[in-house]
Amino acid sequence: MSEEKHAPVPYRTFINIWLALIGLTVVTVVVSRFDLGALNIWVALLVASVKSSLVIFFFMHLRQESKLFKIGLLVMLTILAIFIGMTFFDVLYR
Amino acid sequence: MSQTSTYTGFWKESPRSGILGWLLSTDHKRIGIMYLGCIVTMFLVAVCLGLAIRLELIAPGPTIMGPQTYNATFTVHGIIMIFLFIIPSIPAAFGNLIMPIQIGARDVSFPKLNLLSWYFYVIGAILALLAIFSGGGAPDTGWTFYVPFSTQTTTNVNLAAFAAFMLGFSSILTGINFVTTIHRLRAEGMGWGRLPLFVWTLYATAWIQVLATPMLGITLVLVILERTFGAGLFDAARGGDPILFQHLFWIYSHPAVYIMILPGMGVISEVIPTFARKPLFGYWAMALSSLAIAFAGSLVWAHHMYASGMSDFAVLVFSFLTFIVAIPSAIKIFNWISTLYKGSIQLAPPMLHSLAFIFNFAIGGLGGLALGAAAADIHLHDTTFVVGHFHYTMFGGTGFAFFAALHYWLPKFTGRMYQHKPALVAWALLFVGFNITYMSMQAVGIQGMPRRYYDYLPEFTTLNQVATFGSWILAVGLVMMFVNLFLGCRAGDPVGKNPWGAATLEWDIPSPPPMDNFGPKDPVVSKGPYDYKGVVADEY
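For the record, the sequence lines run as chains A and B.
Under full-length UniProt numbering, the first residue of the first sequence carries the number 1, and numbering increases by one thereafter.
Under full-length UniProt numbering, the first residue of the second sequence carries the number 1, and numbering increases by one thereafter.
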């Protein structure tokens, strides 16, 4: 964590993010009622990624952190994407 | 001899005296010794279980135990050996003891976290042992906890899975600590090109620990959820996918194979140059091949699943990727042999164990290629060939590397030398016993004997008896080795700071090392780890 102090984030931002998270949860539930075939998983992962990004960048203040931490997160996400992606060599071709 | 026998180094220098001086110590050496004590104890427990399995298989039909006890015995043998011995053996014990000194640091980056990781290990160990004697009886799923059986059996799977979860936490914390320490606490002059190979392998291992172990935690929690609440994640009848469990499990557990073997390779890379009196051949190839093994090894998990009903396309992809891992592994084997070429070889006990490592690991590695080839694997899958194969890599590889590390570094930390002659006899017994046991298992596996079976056809009897006979030789070798090391630690001849004539930093400080490792002045590194010019071994 960097030692410098960040400018305080207004409450309004947090409330907006909270509303966005609730909205995205509704999207997840609604989308699950439709069968989009192979796209099911992509939509679910997309929504989950956006939600976790919002939490990490705003609630966990990654937005104000140095580039190193952002790169660190990117590396982790890439690895997770590789793990999930390679599992689809199985799931998509069964 | 530079030290007198009354010098005790970090064993006596501590702000607290007595048992609390150990249990509350944040010193990396004391934590390393505590890990070592626990790990060796767990190893001996699991060896006894292994011997019991082999004794049961000495003849077809029931011999010394019933089928349910047999299932529990191989499960607990696996869980203890994997999670409580091999994974933490070299990284947690010798990594803690050696790595900070080798990079010129006085401790790891997060000493309190280091102690916490030991406590997590102990809690995990206690839970694993409790799981045997409580609830519905010892778990009988095998160490892999495969669904659907693990979600249906009435044995104590929840507690065993939670124990493995705790042990995973311990492993993650060690990984975080080591990555940070190697990045931030290297001494002046200790560039990446001067890191001992042991540190390089610990670095690669630590990354796998941090990145892959959480997958195990998640997977085991899902099994517990499935068992407790019937979540349906792995139940095909409810829209779940049983093969998903195998993917999740092996996404961690295959990289974990490299958590097990890489630090062993690091030990061998330290021992061989020292006893060949030659710089290590191909330093950068060795360093980078560790990272390549860590990376490529993380992408091959589904080669455990060719017979699971996974898609043919996935079989093709994972089979191809599996062969790629052979390249950096072969780089290591060839470079060790090139280091030996024209060296002034001394067959001291650590060197003999290292040579046994190369022999055993080469057999295990080549067997791995046979299993990585999908067509051959369909025949060999779930036979005792697989059991023989992974014992060649895990025991013949990591186990012998651990023994090499014990013989190489214990004199540094106890300040005393064991007897060489019994060590050589013990090594010979171990090597011969090991090969008789596991070569027989590989052979009977090729003939078609399934693994984990309580009973077998009469035609498999001879090779099973040979394997059991080999396990007794192995056991005698183990007893002899540990007794000799124990007596050496307690009452062996005192040694100076550099009994082997090695060139890495730990041999520049007294044996045993003082509490702060380097005295008042921080070390400044001006030569490479395998630069033996002017380095002379102390007599002992």
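Virtual Cβ for every residue (Gly too), placed ideally from N, Cα, C.
Name, please, each residue of chain B whose Cβ falls closer than 7 Å to the Cβ of residue i.
i, result
"A:F83", "I251"
"A:R94", "S311"
"A:I79", "L211"
Alpha carbon to alpha carbon, how far is residue j from residue i? Give it in angstroms, no decimals.
i, j, result
"B:T144", "B:T75", "9 Å"
"B:F162", "B:V147", "16 Å"
"B:M1", "B:L195", "Since pLDDT at B:M1 reaches only 41, below the 50 mark, its modelled position is unreliable, and no value is offered."
"B:V271", "B:P350", "7 Å"
"B:S446", "B:D382", "It is Ile, not Ser, that sits at residue 446 of chain B in the sequence shown. Each residue's alpha carbon lies about 11 Å from the other."
"B:L478", "B:I327", "33 Å"
"A:I79", "A:N40", "21 Å"
"B:P247", "B:K412", "Looking at the sequence provided, one finds His at residue 247 of chain B rather than Pro. B:H247 and B:K412: Cα-Cα distance of roughly 43 Å."
"A:G72", "A:F57", "13 Å"
"B:F281", "B:A212", "31 Å"
"B:I33", "B:W409", "12 Å"
"B:A231", "B:I224", "9 Å"
"B:C489", "B:V536", "23 Å"
"B:Q419", "B:S170", "35 Å"
"B:I90", "A:L24", "46 Å"
"B:M449", "B:G137", "28 Å"
"A:I7", "A:V47", "The sequence shown places Ala at residue 7 of chain A, rather than the Ile named in the question. If I take the Cα positions, the gap works out to 29 Å."
"B:V425", "B:I80", "28 Å"
"B:A287", "B:W200", "6 Å"
"B:Y454", "B:G397", "27 Å"
"B:L197", "B:S269", "6 Å"
"B:V210", "B:W250", "16 Å"
"B:V47", "B:A405", "19 Å"
"B:N114", "B:T181", "11 Å"
"B:L291", "B:L299", "13 Å"
"B:T538", "B:Q102", "Looking at the sequence itself, residue 538 of chain B is Asp, so the reference to Thr does not match. Rounded to the nearest angstrom, the two C-alpha atoms are 19 Å apart."
"B:F234", "B:I58", "37 Å"
"B:P494", "B:L485", "14 Å"
"A:E65", "B:I98", "34 Å"
"B:P15", "B:P499", "29 Å"
"B:I337", "A:V91", "43 Å"
"B:A52", "B:H379", "28 Å"
Any C-beta of chain A sitting closer than 8 Å to the C-beta of residue i?
i, result
"B:L185", "no"
"B:H247", "yes"
"B:L233", "no"
Which bits of chain A does residue i rub up against, with CB to CB less than 9 Å?
i, result
"B:A302", "M86, T87, F89 and D90"
For residue i, decide whether its Cβ has a neighbour in chain B, counting only Cβ atoms nearer than 8 Å.
i, result
"A:R12", "no"
"A:M1", "For A:M1, the predicted structure reports a pLDDT of 47, less than 50, and the residue's modelled location is therefore unreliable. A value from the coordinates is still provided. It does not; no Cβ of chain B falls within 8 Å."
Going along chain D, which residues have a C-beta under 8 Å from residue i?
i, result
"B:L299", "Checking the listed chains, one finds no chain D in this structure; the protein chains it contains are A and B."
Please list the residues of the segment 310 to 325 of chain B that have a C-beta atom closer than 8 Å to any C-beta atom in chain A, keeping them in chain order.
-> M310, S311, D312, F313, A314, V317 and F318
With contact counted as at least three CB pairs below 8 Å, one residue from each stretch, are the segment 113 to 124 of chain B and the segment 186 to 202 of chain B in contact?
-> no
What residues in the segment 361 to 380 of chain B have a beta carbon less than 7 Å from any beta carbon of chain A?
-> Within the segment 361 to 380 of chain B, no residue places its CB atom closer than 7 Å to a CB of chain A.
Chain A contacts from the segment 204 to 231 of chain B (Cβ-Cβ distance under 7 Å) | L211
Check whether the segment 235 to 249 of chain B touches the segment 274 to 284 of chain B, counting contact only when three or more Cβ pairs, one atom from each stretch, lie closer than 8 Å.
-> no
Between the segment 9 to 36 of chain A and chain B, which residues of the former have CB atoms less than 7 Å from a CB of the latter, in chain order?
-> Cβ contacts with chain B come from no residue of the segment 9 to 36 of chain A.
Flag this pair as touching only if the segment 152 to 170 of chain B and the segment 209 to 218 of chain B have three or more C-beta atom pairs under 8 Å; answer yes or no.
-> yes
Stretch pair the segment 436 to 444 of chain B + the segment 463 to 475 of chain B: three plus CB contacts closer than 8 Å | yes
Give a yes or no on contact between the segment 374 to 390 of chain B and the segment 303 to 319 of chain B, applying the rule of three or more CB pairs nearer than 8 Å.
-> yes
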